[in-house]
């Protein structure tokens, strides 16, 4: 039996075009002294799974301080060997993270703008790969993130490009939904309003019953 654990791939290379506030959405403070991305990484660390984070050269300096080892940081190149501008999309990010950890028994894909996903959820979805080649979190029957893929789908994952994400893989292969008591699997910070809602919840400590489906979750639905 392979006792190694799936690797969590934190996707932090997106442009965040829908976020109209100042600066990158992942670097916005969720509460004093803690950014959205810092919280996401803290949740991943608490899960106890191996992990890497995929980012861009533009964000490398801010992201590098979050990793414990340099091999946990995957930086997408901005230009090719001939100086051409290289595209940066969800597919490229997933492919880079999976390629950098190619000997893993599987991968759990977590967008960096989903800071409310609990450590227990990450572990539960990772364990779901023992049932099917694809696993995904769901809350009260609603499909969300993260998504997880077993090693047998390596070639499919490293072949992803652009913004296609992993939706076609979920449709193509047998998948299991892992029901979790975690509304964070449906939440992402896409807009200023999303950020404000999470900030208010931090202040009050009360659950937000106005949870909306994460738009990044739509990469497979």
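In our numbering, the protein residues as written are 44 to 264.
Yeah, the Cβ is synthetic: ideal placement off N, Cα and C, and Gly gets one too.
Model, not experiment: these values are computed from the prediction.
- When DSSP states are grouped into helix, strand and coil, residue 185 belongs to the strand group.
- Residues of the same chain with a CB within less than 8 Å of the CB of residue 103, apart from the 5 flanking positions on each side, are 116 and 118 in chain order.
- Residue burial is scored here from C-beta neighbours: residue 122 has fewer than 16 other C-beta atoms within 10 angstroms and is therefore classed as exposed.
- In this structure, residue 73 lies away from residue 86, with their beta-carbon atoms at least 9 Å apart.
- For residue 218, the enclosing beta strand (DSSP E) covers residues 218-222.
- By the C-beta density criterion, residue 125 is exposed, having fewer than 16 other C-beta atoms within 10 angstroms.
- Non-local beta-carbon contacts of residue 143 in its own chain, meaning distances under 7 Å to residues more than five positions away in sequence, involve 95 and 117 in chain order.
- In this structure, the beta-carbon distance from residue 215 to residue 233 does not fall below 9 Å.
- Under the three-state reduction of DSSP, residue 99 is assigned to strand.
- Counting of Cβ neighbours within 10 angstroms places residue 136 among the buried residues, the total reaching 16 or more.
- Secondary-structure assignment with DSSP links residue 154 through a beta bridge to 54.
- CA-CA distance, residue 201 to residue 185, rounds to 27 Å.
- In this structure, DSSP gives residue 164 a helical state, which the three-state scheme calls helix.
- A Cβ-Cβ contact shorter than 9 Å links residue 147 with residue 194.
- By the Cβ neighbour-count rule, residue 171 is buried, with 16 or more other Cβ atoms within 10 Å of its own.
- The beta strand (DSSP E) runs lying completely inside the stretch 81-147 and spanning 3 residues or more are 94-99 and 116-119, given in chain order.
- Excluding residues up to 5 positions away in sequence, nothing lies with its Cβ nearer than 6 Å to the Cβ of residue 163 in the same chain.
- By the beta-carbon neighbour count (other beta carbons within 10 angstroms, threshold 16), residue 89 is exposed.
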